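Enquirer: One structure follows; several queries about it will come next.
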Amino acid sequence: MDNYIEIEKTNHLLIVHFYGEIDSVMAPVYRGQLSDLIDESEEDVIFDFTKTSFIDSSGIGLVLGRYNQLKFEHRTLILTGLNPVAYRLFELTGMFQIMPYYESIESLKEGTL
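This is the structure in structure tokens:
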């Protein structure tokens, strides 16, 4: 599986779909792309991990860095679609205490949008 991201813009959200792995090789690549994207937009952001097969500590750092970037601008980062192993990693690191998590984008849309 290739590693890449797809960006989807809605009227008030920026949805980032991650594909493949988010590791020490890909995290710096995504960091640059996402930092620029966030700087150029005003929307809240959803990170969709439905098609992500692996996330390591570099991926956690990537997410936390974008959270801090958005927080500085009074915007929200929402996480969705983590597989059970990645969910446990995010849970253990306390990420869900600072940013919301939904099982899927559909459940997010049904719940709050």
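Here the sequence shown is numbered in our numbering, starting from -16 and rising by one per residue. Note that CB positions come from ideal geometry on N, CA and C, so glycine has one too. Nothing here was measured: the structure is a model prediction, and the numbers come from that model.
What residues in its chain sit with their C-beta under 8 Å from that of F55, if we drop five residues either side in the sequence?
Expert: Position 72 of the sequence shown holds residue 55. Nothing listed; no residue qualifies.
Enquirer: Looking at E23 and the ligand ADP, is the gap between the Cβ and the nearest heavy atom below 7 Å?
Expert: Absence of the ligand ADP is noted for the structure shown, with no ligands found whatsoever.
Enquirer: Using only alpha-carbon positions, find the residue among F30, T76, Y50, Q52 that is nearest to Y2.
Expert: Here the question's residue 2 lines up with position 19 in the sequence shown. Nearest of F30, T76, Y50, Q52 to Y2, Cα basis: F30.
Enquirer: Measuring alpha carbon to alpha carbon, tell me which residue in P83, I21, K92, V68 is nearest G48.
Expert: Within the sequence shown, the letter at position 65 stands for residue 48. Among P83, I21, K92, V68, the Cα nearest to that of G48 belongs to I21.
Enquirer: I need the straight-line Cα distance from L96 to S41, nearest angstrom please.
Expert: Taking the first residue of the sequence shown as position 1, residue 96 is located at position 113. Taking the first residue of the sequence shown as position 1, residue 41 is located at position 58. Its pLDDT being 47, under 50, L96 is placed unreliably in this model, and the value from its coordinates should be taken loosely. In a straight line, the C-alpha of L96 is about 30 Å away from that of S41.
Enquirer: Determine the extent of the beta strand (DSSP E) in which G3 is found, giving its start and end residues.
Expert: Mapped onto the sequence shown, residue 3 falls at position 20. Run containing G3: -4 to 5, per the beta strand (DSSP E) assignment.
Enquirer: Which partner residues of E74 appear in the DSSP bridge assignment?
Expert: Indexing the sequence shown from 1 puts residue 74 at position 91. The beta-bridge partner set that DSSP reports for E74 is empty.
Enquirer: Go ahead and pull the three-state DSSP assignment for M82.
Expert: For the purposes of this step, residue 82 is taken as the residue at position 99 of the sequence shown. The answer is coil: DSSP assigns M82 none of H, G, I, E or B.
Enquirer: With a threshold of 6 Å on Cβ separation, who are the neighbours of F79 within its own chain once the five nearest residues in sequence on each side are excluded?
Expert: Mapped onto the sequence shown, residue 79 falls at position 96. Hits under 6 Å: none found.
Enquirer: Return the residue from the list E26, F32, L91, D27 that minimises the CA-CA distance to Y70.
Expert: Start at 1 with the first residue of the sequence shown, and residue 70 comes out as number 87. Checking every option, the nearest Cα to that of Y70 belongs to F32.
Enquirer: Going by beta carbon distance, what residues of the same chain come within less than 7 Å of G44, once the five residues before and after it are set aside?
Expert: Stepping through the sequence shown from its first residue, residue 44 is reached at position 61. Here the set comprises A10.
Enquirer: Taking L65 as part of the alpha helix (DSSP H), name the residues at either end of that continuous run.
Expert: Taking the sequence shown and counting its residues from 1, the one referred to as residue 65 is at position 82. That residue, L65, is in no alpha helix (DSSP H); it is neither H nor E in DSSP.
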